[in-house]
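S.K.: So the number in our numbering is just where the residue sits in the sequence shown, counting from 1, plus 49. Where is the CB? At the ideal position from N, CA and C, for every residue including glycine. Here it is: the structure, laid out below.
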Amino acid sequence: MKIALVDSGIGLLAAAAAVRRLRADASLVLSSDPAGMPWGPRSPQDITARALSCARAAAAERPDALIVACNTASVHALPALRAELEPRVPVVGTVPAVKPAAAGGGPLAVWATPATTGSPYQRRLIRDFAAGVTAVEVPCQGLDDAVERADEAAVTEAVRAAAALTPPDTRAVVLGCTHYELVADLIRAHLEPVTGGPLALHGSAGAVAAQALRRLGTAPVSGADPRAAGPRDLVVLAGGRPASLPAAADGYAEGRLLRPGITTV
Numbered sequence: 050m051k052i053a054l055v056d057s058g059i060g061l062l063a064a065a066a067a068v069r070r071l072r073a074d075a076s077l078v079l080s081s082d083p084a085g086m087p088w089g090p091r092s093p094q095d096i097t098a099r100a101l102s103c104a105r106a107a108a109a110e111r112p113d114a115l116i117v118a119c120n121t122a123s124v125h126a127l128p129a130l131r132a133e134l135e136p137r138v139p140v141v142g143t144v145p146a147v148k149p150a151a152a153g154g155g156p157l158a159v160w161a162t163p164a165t166t167g168s169p170y171q172r173r174l175i176r177d178f179a180a181g182v183t184a185v186e187v188p189c190q191g192l193d194d195a196v197e198r199a200d201e202a203a204v205t206e207a208v209r210a211a212a213a214l215t216p217p218d219t220r221a222v223v224l225g226c227t228h229y230e231l232v233a234d235l236i237r238a239h240l241e242p243v244t245g246g247p248l249a250l251h252g253s254a255g256a257v258a259a260q261a262l263r264r265l266g267t268a269p270v271s272g273a274d275p276r277a278a279g280p281r282d283l284v285v286l287a288g289g290r291p292a293s294l295p296a297a298a299d300g301y302a303e304g305r306l307l308r309p310g311i312t313t314v
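See below:
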């Protein structure tokens, strides 16, 4: 079984690691666009073109399914990706976990890029899945870029700034950008002193990985070692070309989990 993932940068590591935790035998294709990262400020047409380019490069590796491991690309490019690849390759998008966060009763905050915060798409998610729950949108200036560079000081500064915008009665936070899931522990450490109590963080990686397996009609394998993948079970593409896993990936547990299987093609 081979699963491809597409994102502008290393935000796809969270979903890739989630796939490996569910199925250690899964081969992975990671296709990113570091020259175009971040996608958020770009036009919908540009985002779609870049996502399609990454997906086409990944499709050449003949995956069984493709995960769009990016909230922005899922908003703007998912219809075009599905029109081109399905039914041959099932395409799974990423949706911010507003619904499970709202199930706890709130209040909740949605951390997202400035480009996504206040967007009709995000407002619609909140309206449809968090009706009756207090929900605040929090723009996280520069956090995705700082995570991409594994710049610890910049990540901490961006998290502190977003935490200062988060109401103190917040009980759940939706991580509305896949990059944020890589620093979830740091986010929790800065937020819980603000909220004064335990905080639930809701990412999308686990749900997206599970959905990809469902689309393939296969089940997770319990107790499998996610580091057991073989030396040719990870292909990395950057801008459509063979590449290595970025050095910044080693700054995150998800990247270190994937490193043993690294290869270039």
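Taking Gly-245 as the reference, which of Tyr-229, Asp-194, Ala-221 and Val-141 has the closest Cα?
M.R.: As a working note, residue 245 is residue 196 in the sequence shown. Checked all of Tyr-229, Asp-194, Ala-221 and Val-141; the closest Cα to Gly-245 is Ala-221.
S.K.: Could you tell me whether the region 178-187 touches the region 120-127, using the rule of 3 or more Cβ pairs below 8 Å?
M.R.: No contact exists between the region 178-187 and the region 120-127.
S.K.: With a threshold of 16 other CB atoms inside 10 Å of the CB of Glu-230, please say whether the residue is buried or exposed.
M.R.: On the sequence shown, residue 230 is found 181 positions in, with the first residue counted as 1. Classification for Glu-230: buried.
S.K.: Nearest by alpha-carbon distance to Ala-66: which of Ala-259, Pro-291 and Gly-289 is it?
M.R.: In the sequence shown, the residue the question calls residue 66 occupies position 17. For Ala-66, the nearest C-alpha among the options comes from Ala-259.
S.K.: So, is Arg-137 buried or exposed, given that buried needs 16 or more other C-beta atoms within 10 angstroms?
M.R.: Within the sequence shown, the letter at position 88 stands for residue 137. That one is exposed.
S.K.: So, Val-147 versus Ala-179, is the Cβ gap smaller than 7 Å?
M.R.: Looking up residue 147 in the sequence shown gives position 98. Looking up residue 179 in the sequence shown gives position 130. Yes; because the gap between Cβ atoms is below 7 Å, this pair is in contact.
S.K.: Pull up the DSSP beta-bridge partners for Arg-290, would you.
M.R.: Here residue 290 corresponds to residue number 241 of the sequence shown, with the count starting at 1. According to DSSP, which records beta bridges pairwise, Arg-290 is partnered with Ala-287.
S.K.: Does the distance from the CB of Glu-141 to the CB of Arg-131 come in under 7 Å?
M.R.: Against the sequence shown, residue 141 aligns to sequence position 92. Against the sequence shown, residue 131 aligns to sequence position 82. First, the amino acid is wrong: residue 141 is Val here, not Glu. No, Cβ-Cβ distance for Val-141 and Arg-131 is not below 7 Å.
S.K.: Which whole runs of the alpha helix (DSSP H) in the region 131-193 are 4 residues long or more, in chain order?
M.R.: Within the region 131-193, the complete alpha helix (DSSP H) runs of at least 4 residues are 147-152 and 169-178.
S.K.: Can you tell me whether DSSP reads Ala-268 as helix, strand or coil?
M.R.: In the sequence shown, the residue the question calls residue 268 occupies position 219. Here Ala-268 sits in coil by DSSP.
S.K.: Report the option in Val-243, Arg-264, Leu-192 and Ala-129 whose CA atom is closest to the CA atom of Cys-226.
M.R.: Indexing the sequence shown from 1 puts residue 226 at position 177. Of Val-243, Arg-264, Leu-192 and Ala-129, the residue nearest in Cα terms is Leu-192.
S.K.: Return helix, strand or coil for Ser-253, following the three-state DSSP convention.
M.R.: Along the sequence shown, one-based indexing puts residue 253 at 204. Ser-253 falls in the coil class under three-state DSSP.
S.K.: What is the rounded straight-line gap between the Cα of Leu-134 and the Cα of Ser-81?
M.R.: Here residue 134 is taken as the residue at index 85 of the sequence shown, counted from 1. Here residue 81 is taken as the residue at index 32 of the sequence shown, counted from 1. Rounded to the nearest angstrom, the two C-alpha atoms are 17 Å apart.
S.K.: State the beta-bridge partners of Ser-76 as determined by DSSP.
M.R.: Looking up residue 76 in the sequence shown gives position 27. Looking at the DSSP assignment, Ser-76 forms a beta bridge with Lys-51.
S.K.: Taking a contact to mean a Cβ-Cβ separation below 7 Å, would you say Thr-215 touches Ala-158 in this structure?
M.R.: Counting from 1 along the sequence shown, the entry for residue 215 is found at position 166. Counting from 1 along the sequence shown, the entry for residue 158 is found at position 109. The answer is yes: Cβ separation under 7 Å.
S.K.: Evaluate contact between the region 279-297 and the region 250-265, counting only Cβ atoms and requiring at least three cross-stretch pairs below 8 Å.
M.R.: Taking 8 Å as the limit for Cβ pairs, the verdict is that the region 250-265 does not touch the region 279-297.
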